[in-house]
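Peer 1: One structure coming up, written as structure tokens, with questions to follow.
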Amino acid sequence: MAEGQLHTDGQHASGLQHFCTVRRMMKNLRLRLAVLGCCLLAGCSLNQQPVTRDLLIGTYVYKSEDPEDKPTNHNYDRLTLQADGSYDFVQGGSTKPKTEHTGSWHFYPGGREPTVDLDHSGYPVEVKGNEVRLLIDNDTGIWLQKVK
674 MAEGQLHTDG
684 QHASGLQHFC
694 TVRRMMKNLR
704 LRLAVLGCCL
714 LAGCSLNQQP
724 VTRDLLIGTY
734 VYKSEDPEDK
744 PTNHNYDRLT
754 LQADGSYDFV
764 QGGSTKPKTE
774 HTGSWHFYPG
784 GREPTVDLDH
794 SGYPVEVKGN
804 EVRLLIDNDT
814 GIWLQKVK
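Heads up: the sequence shown runs through residues 674 to 821, numbered per the numbering used here.
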């Protein structure tokens, strides 16, 4: 009986049946490999650059995702992290008196997320693209962003 012919019971010859099964398996394998490849590529592109102490040195300003343009307690907020380990943090705004705090800062790269500590206050570090952020409250969208 030639391959591809049907038996009298309506079933394919065993060679064709085996060929179809192998063909389906190969198609599924190619699909799975394609999905895996896409996942790997997406994971590689989401990796952020490593956070180093040198990357953190600079001046930061207050940022908020609040779309309303209204008077705020944070108009003057400006943090400067110096290379010598000191910081200067000016806070205040149109509705809050201006204050200035100075002290020493430390960078802790380990753990789940890198952290900057200003004396006793800790800020998780986040790098998004070219932006360096010190997170104040990630749930409400408040952070200090490094000025370029």
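No residue lacks a Cβ here, since even glycine has one placed at the ideal position from N, Cα and C.
Could you have a look at residue 753 and say whether DSSP puts it in helix, strand or coil?
Peer 2: Three-state DSSP puts residue 753 in a strand.
Peer 1: Given that a residue counts as buried once 16 or more other Cβ atoms are within 10 Å of its Cβ, and exposed if not, what is residue 787?
Peer 2: It is buried - the Cβ of residue 787 has at least 16 other Cβ atoms within 10 Å.
Peer 1: With burial defined as no fewer than 16 other Cβ atoms inside 10 Å of the residue's Cβ, what is the status of residue 793: buried or exposed?
Peer 2: With fewer than 16 other Cβ atoms within 10 Å, it is exposed.
Peer 1: Tell whether a beta-carbon distance below 7 Å holds between residue 807 and residue 820.
Peer 2: Result no, Cβ atoms of residue 807 and residue 820 do not sit closer than 7 Å.
Peer 1: Compute the distance between the beta-carbons of residue 803 and residue 768, then report whether it is under 7 Å.
Peer 2: Contact flag unset, no.
Peer 1: If you draw a straight line from the C-alpha of residue 712 to the C-alpha of residue 703, how long is it?
Peer 2: For residue 712, the predicted model reports a pLDDT of 46, less than 50, meaning its position is unreliable; a value from the coordinates is still stated below. Looking at the two C-alpha atoms, the distance is approximately 14 Å.
Peer 1: Tell me, which residues are paired with residue 815 by DSSP?
Peer 2: Answer by DSSP bridge pairing, in chain order: 737, 810.
Peer 1: Hey, would you say residue 771 sits closer than 7 Å to residue 735, going by beta carbons?
Peer 2: Against a cut-off of 7 Å, the Cβ pair of residue 735 and residue 771 comes out as no contact.
Peer 1: Please report the distance separating the alpha-carbon of residue 726 from that of residue 800.
Peer 2: Going from the Cα of residue 726 to the Cα of residue 800 covers about 13 Å.
Peer 1: With distances taken Cα to Cα, identify the nearest neighbour of residue 805 among 698, 731, 758.
Peer 2: That would be 731, whose Cα lies nearest to the Cα of residue 805.
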